[in-house]
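A short write-up of the structure that comes next.
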Amino acid sequence: MNGYFCWDNPNRSVISDTYLTVAAPSQGLYKDKGSRFLAFAYPIFSETEVKPIVDALKAEYYDARHHCYAWRLGIDASEGGVRFRANDDGEPAGSAGRPILGQLLSRELTNLLVVVVRYFGGIKLGVPGLIAAYKEATADALAGAEIVERTENRAITVEFPYLAMNEVMRAVKEMAPEVLGQEFDLACRLRLSVRLRDAESLVRRMEGIEGVNVSLSS
1206 MNGYFCWDNP NRSVISDTYL TVAAPSQGLY KDKGSRFLAF AYPIFSETEV KPIVDALKAE
1266 YYDARHHCYA WRLGIDASEG GVRFRANDDG EPAGSAGRPI LGQLLSRELT NLLVVVVRYF
1326 GGIKLGVPGL IAAYKEATAD ALAGAEIVER TENRAITVEF PYLAMNEVMR AVKEMAPEVL
1386 GQEFDLACRL RLSVRLRDAE SLVRRMEGIE GVNVSLSS
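Positions in the sequence shown are counted from 1; adding 1205 to them yields this note's numbering.
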């Protein structure tokens, strides 16, 4: 096993494994002195999703001056903790990505990407004006989104001999993880997804069965 859990600490507290994010993509709009700021919010689960989304928006809105964004992933209890990034895409430093990220932080949202596409209206807004514009565009996209509470989960692979099938499946039935995949042969394998707060208990339960090998997988 690895160090995701503090197995032998009798004073460990209950893990907080819930977070807030958007249920589905949403859009927002802000206008100021001829400039238009189109905001797009997307639920994401990994950093690898960011570039394809940003690239697609750049291709669709190819004639826009800037495509600024910010993303935030994970919670304190996540492997690697909370990660985030803000990108100004040519706007003055701190005038675009940071106010976008600030809206995610102020609403305590994560697993979320917001991209704001700017069409320049011919009149410069100045740094304070840009900060306000990117903030308000993001706020408008989030105001129109459905905010949902989700759980941080762990993927667990359980390998076991066929003779241990009944005990393993009894544990699955009682602890009710989501079954992501299964192979039943002379050597059997289950791939399960379980809430972070329940992962330690499930691993302990499985490791208590003779012949079972448990690993945390990505």
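Virtual Cβ for every residue (Gly too), placed ideally from N, Cα, C.
Integer-rounded CB distance, given that residue j should sit under 8 Å from residue i
i: V1363; j: R1410; result: Contact doesn't hold; Cβ gap of about 10 Å is too wide.
i: F1250; j: N1316; result: 6 Å
i: Y1274; j: A1338; result: About 15 Å separates the two Cβ atoms, so there is no contact after all.
Which of helix, strand or coil DSSP assigns to residue i
i: R1217; result: Residue confidence for R1217 is low, a pLDDT of 45 falling below 50, so the modelled location carries little weight; the figure read from the coordinates is stated next. In the structure shown, R1217 sits in coil (DSSP, three-state: anything other than H, G, I, E or B).
i: L1310; result: helix
i: D1403; result: helix
i: W1212; result: Its pLDDT being 35, under 50, W1212 is placed unreliably in this model, and the value from its coordinates should be taken loosely. Looking at W1212 - three-state DSSP - the assignment turns out to be coil, as it is neither helix nor strand.
i: V1322; result: strand
i: V1384; result: strand
i: E1354; result: strand
In DSSP terms, what residue i is bridged to
i: P1248; result: L1317
i: E1240; result: In the sequence as displayed, the identity of residue 1240 is Ser instead of Glu. BP columns for S1240 point to D1237.
i: I1361; result: L1397, L1421
i: P1366; result: A1392
Short Cβ contact (8 Å threshold) for residue i with residue j
i: D1294; j: H1271; result: yes
i: L1262; j: V1319; result: no
i: G1279; j: A1291; result: no
Member of the options whose CA lies at the smallest distance from the CA of residue i
i: F1289; options: E1388, S1311, E1252; result: E1252
i: V1417; options: E1383, A1369, G1302, F1242; result: A1369
i: R1375; options: D1403, L1407, P1230, R1400; result: L1407
i: G1349; options: D1222, V1227, T1223; result: V1227
Below-8 Å beta-carbon distance, residue i vs any chain B residue
i: V1319; result: Within the model displayed, chain B is absent; a lone protein chain is all it includes.
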